[in-house]
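In the UniProt record's numbering, the protein residues as written are 1 to 212.
Report on the following structure.
Dropping the structure here:
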């Protein structure tokens with residue numbers, strides 16, 4: 001099992017390659033400072049900021065799919081996997097942020113990094129056994145992985161829910177490498193990441209040659 005193979009040395013090595021730390025810290029602080037307003041301009045601004053972190057721009061913002069007059073407050077208030085599952089299940093299958101569960105996961109994570117993990121193609125490949133096998137084979141050939149159905153796989157709500165549940169269960173079993181990672185990031189980037197963020201980073205860095 002991939003998680004069982006993680007160790008302090010591997011985490012230190014991965015963090016040396018991390019070029020997203022400062023941007024991540026800034027986005028988390030932006031989300032912390034965001035407050036609900038009648039026109040949902042703060043939520044829209046945060047969604048735009050999320051898409052500055054992605055290879056496309058925000059074209060479709062359907063915050064009303066989060067059935068709350070205070071969506072930011074609602075997301076920030078979620079405290080458990082059970083609450084998160086109910087919340088996600090009540091959202092339409094077409095994601096509220098750009099119709100993308102990748103973009104929506106980042107939006108939710110920035111608002112509540114203790115509960116919602118980031119979901120993207122590199123994470124999906126590490127998480128899904130068949131995609132992971134394809135990634136390993138490509139890496140052995142020193143090639144990039146371009147799974148034909150990867151975008152479709154990532155953009156399904158049920159797959160994000162499955163991943164969310166797995167991550168919430170796994171973070172409870174995480175060992176000493178998470179503490180090392182948290183301290184290293186705090187020292188280097190002046191930001192203390194959640195255990196969930198550390199676990200997601202480990203998945204993200206597993207196959208760095210994936211074509212995103």
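In this text, a Cβ means the ideal position worked out from N, Cα and C, and glycines have one as well.
Just so it is clear, the structure is predicted and the values come from calculations on it, not from any experiment.
Residue j beta carbon less than 8 Å from that of residue i
{"i": "residue 166", "j": "residue 124", "result": "no"}
{"i": "residue 21", "j": "residue 188", "result": "yes"}
{"i": "residue 164", "j": "residue 116", "result": "yes"}
{"i": "residue 91", "j": "residue 59", "result": "no"}
{"i": "residue 100", "j": "residue 155", "result": "yes"}
{"i": "residue 89", "j": "residue 160", "result": "no"}
Counterpart residues of residue i in DSSP-defined beta bridges
{"i": "residue 97", "result": "61"}
Presumed contact (8 Å Cβ cut-off) between residue i and residue j, rounded CB distance
{"i": "residue 191", "j": "residue 25", "result": "4 Å"}
{"i": "residue 199", "j": "residue 175", "result": "Going by Cβ atoms, the distance from residue 199 to residue 175 rounds to 11 Å, so no, they are not a contact pair."}
{"i": "residue 71", "j": "residue 109", "result": "Contact doesn't hold; Cβ gap of about 15 Å is too wide."}
{"i": "residue 49", "j": "residue 97", "result": "Actually they do not touch by this definition, with Cβ atoms about 11 Å apart."}
{"i": "residue 53", "j": "residue 168", "result": "Actually they do not touch by this definition, with Cβ atoms about 23 Å apart."}
{"i": "residue 114", "j": "residue 196", "result": "6 Å"}
Inter-residue Cα distance where the pair is residue i and residue j
{"i": "residue 51", "j": "residue 103", "result": "7 Å"}
{"i": "residue 141", "j": "residue 76", "result": "43 Å"}
{"i": "residue 30", "j": "residue 107", "result": "11 Å"}
{"i": "residue 63", "j": "residue 138", "result": "38 Å"}
{"i": "residue 151", "j": "residue 33", "result": "32 Å"}
{"i": "residue 85", "j": "residue 170", "result": "16 Å"}
{"i": "residue 94", "j": "residue 79", "result": "24 Å"}
{"i": "residue 143", "j": "residue 55", "result": "21 Å"}
{"i": "residue 127", "j": "residue 73", "result": "30 Å"}
{"i": "residue 133", "j": "residue 37", "result": "46 Å"}
{"i": "residue 28", "j": "residue 136", "result": "32 Å"}
{"i": "residue 204", "j": "residue 121", "result": "9 Å"}
{"i": "residue 45", "j": "residue 112", "result": "16 Å"}
{"i": "residue 157", "j": "residue 181", "result": "29 Å"}
{"i": "residue 61", "j": "residue 43", "result": "9 Å"}
{"i": "residue 211", "j": "residue 183", "result": "Caution applies to residue 211, whose pLDDT of 47 falls short of 50 and renders its modelled position unreliable; the value that the coordinates give is listed next. Going by the C-alpha atoms only, they are around 30 Å apart."}
{"i": "residue 214", "j": "residue 194", "result": "This structure leaves residue 214 out entirely; the chain is present only between 1 and 212."}
{"i": "residue 177", "j": "residue 202", "result": "10 Å"}
{"i": "residue 118", "j": "residue 172", "result": "17 Å"}
DSSP-derived helix/strand/coil call for residue i
{"i": "residue 71", "result": "helix"}
{"i": "residue 34", "result": "coil"}
{"i": "residue 230", "result": "Only positions 1 to 212 of the chain appear in the structure, and residue 230 is not among them; the question remains open."}
{"i": "residue 183", "result": "helix"}
{"i": "residue 212", "result": "Bear in mind that the predicted position of residue 212 carries a pLDDT of just 44, short of 50, making it unreliable; the figure below should be weighed with that in mind. Coil, per DSSP."}
{"i": "residue 173", "result": "coil"}
{"i": "residue 191", "result": "coil"}
{"i": "residue 82", "result": "helix"}
{"i": "residue 56", "result": "coil"}
{"i": "residue 20", "result": "coil"}
{"i": "residue 159", "result": "helix"}
{"i": "residue 87", "result": "helix"}
{"i": "residue 114", "result": "coil"}
{"i": "residue 128", "result": "coil"}
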